[in-house]
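*Asks:* First, the structure itself, so that you have it in front of you.
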Amino acid sequence: TADKTATLIVMKKEIEIKSPLVIQKNENITLDLNGCTVRTDISNTITNEGAFTLQDTAFNYGKISVSGQKADGQSCFINNKGSLTLTRGAVAINITATDAVGFAGVSSLNGTVNVQGGELNVNVDRTTGKTYVEAMLVNGGSLKMSSGWISAKTTTDPVSSIYLYGVQSEVTGGLLNVSAVEGDCYGMTLVNTPSGHIAGVQVTAEAQNGDAYGMHMSKTGNLTLDQFHIKVKSD
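Okay, so the sequence shown: first residue is 2 according to our numbering, each after it adds one.
So this is what it looks like as structure tokens:
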């Protein structure tokens, strides 16, 4: 918006994020990966309270790579409390959960999320404890998605590609993929959703030793589904 200071950051080489980053309420940051790679192993890497856009003008070759071990507690890569836009570029998250943990690639609380493209891939390997994993968790606020690929995979326990709680949603395209070696998996979960429109989405859900669901809905309001393609497989 006009009252936010707009800043474009264009990457020129690979970098490593070693401490959490905060985008303030009065800031409008666009990060152009420009074909480069960002690496980090810290939790809650980016907290966005203003406006943050992730893009890649180098034909989707840019990538953010998140790895490491997560202990007991809640963690994510992007903690969104403002306006978040994903256009191009890939976010690849591969972590080991060493104890009970809740993890989301993107966690948004009463913010706005706009997915126009790119990839978000979350892979969690649990060794002990119990995990709850979402590639994208949106609690309150709104979600718009017109394109992109969102994927979540765990070795055990519940996993969702997208989890919406009390969210106004407008999803008109994109690919959702979710899989679990043990436990149940959900392509899209909607809870306390007042209204929304979901169309042109392709969902693939696969559970090797559990149940797979293309969509799970609870206490939803006026929700319109159109051309919602689901492929599920469970053993």
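Backbone N, C-alpha and C fix where the C-beta goes; we use that ideal spot for every residue, glycine too.
Predicted model only: the values in this text are computed from it and were never measured.
State buried or exposed for Glu183, treating a residue as buried only when at least 16 other CB atoms are found within 10 Å of its CB.
*Replies:* Translated into the one-based positions of the sequence shown, residue 183 becomes position 182. So Glu183 counts as exposed.
*Asks:* Quick one: what's Ala93 bridged to in DSSP?
*Replies:* Residue numbering aside, residue 93 sits at position 92 when the sequence shown is read from its first letter. For Ala93, which the question treats as bridged, DSSP gives the partners Ser66 and Asn122.
*Asks:* Is the Cβ-Cβ distance between Gly142 and Gly112 less than 8 Å?
*Replies:* Residue numbering aside, residue 142 sits at position 141 when the sequence shown is read from its first letter. Residue numbering aside, residue 112 sits at position 111 when the sequence shown is read from its first letter. Closer than 8 Å, so yes.
*Asks:* Tell me whether Lys19 is buried or exposed, calling it buried when 16 or more other Cβ atoms sit within 10 Å of its Cβ.
*Replies:* As a position in the sequence shown, residue 19 is number 18, starting the count at 1. Burial call: exposed.
*Asks:* Here's the rule: buried if 16 or more other CB atoms are within 10 angstroms of the residue's CB, otherwise exposed. What is Ile10?
*Replies:* The sequence position of residue 10 within the sequence shown is 9, counting from 1. Under this definition Ile10 is an exposed residue.
*Asks:* Give a single yes or no on whether Asn111 has its beta carbon closer than 7 Å to a heavy atom of the ligand FAD.
*Replies:* With respect to small molecules bound, the structure shown includes none, and the ligand FAD cannot be examined in it.
*Asks:* Please determine, among Lys13, Arg40 and Asn81, the residue with the shortest C-alpha to C-alpha distance to Val23.
*Replies:* Reading the sequence shown from its first residue, position 22 is the one you call residue 23. Of the candidates Lys13, Arg40 and Asn81, the one whose C-alpha sits nearest the C-alpha of Val23 is Asn81.
*Asks:* How about Gly197 and Gln169: do their beta carbons lie closer than 8 Å?
*Replies:* The residue you call residue 197 lines up with position 196 of the sequence shown. The residue you call residue 169 lines up with position 168 of the sequence shown. Yes.
*Asks:* Answer yes or no: do Thr190 and Leu226 have a C-beta to C-beta separation smaller than 8 Å?
*Replies:* For the purposes of this step, residue 190 is identified with residue 189 of the sequence shown, where counting begins at 1. For the purposes of this step, residue 226 is identified with residue 225 of the sequence shown, where counting begins at 1. No, these two residues do not count as a Cβ contact at 8 Å.
*Asks:* Assuming contact is defined by CB atoms lying nearer than 8 Å, are Met146 and Val107 in contact in what I supplied?
*Replies:* By 1-based counting over the sequence shown, the position of residue 146 is 145. By 1-based counting over the sequence shown, the position of residue 107 is 106. No, these two residues do not count as a Cβ contact at 8 Å.
*Asks:* Which same chain residues end up closer than 6 Å to Asn223 when comparing Cβ atoms and leaving out the 5 residues on each side of it in sequence?
*Replies:* Here the question's residue 223 lines up with position 222 in the sequence shown. Once the five neighbours on either side are set aside, the close Cβ partners of Asn223 are Ser196.
*Asks:* Let me check understanding here. Comparing Cα to Cα, which of Val116, Leu87 and Ser76 lies closest to Glu135?
*Replies:* Numbered from its first residue, the sequence shown carries residue 135 at position 134. The option with the nearest alpha carbon to Glu135 is Ser76.
*Asks:* State the Cα-Cα distance for the pair Val192 and Ile163, rounded to the nearest angstrom.
*Replies:* One-based indexing of the sequence shown puts residue 192 at position 191. One-based indexing of the sequence shown puts residue 163 at position 162. In a straight line, the C-alpha of Val192 is about 11 Å away from that of Ile163.
*Asks:* With DSSP as the reference, please indicate the residues paired to Ala208 in a beta bridge.
*Replies:* By one-based count along the sequence shown, residue 208 stands at place 207. Answer is Ala181 and Ser235, bridged to Ala208.
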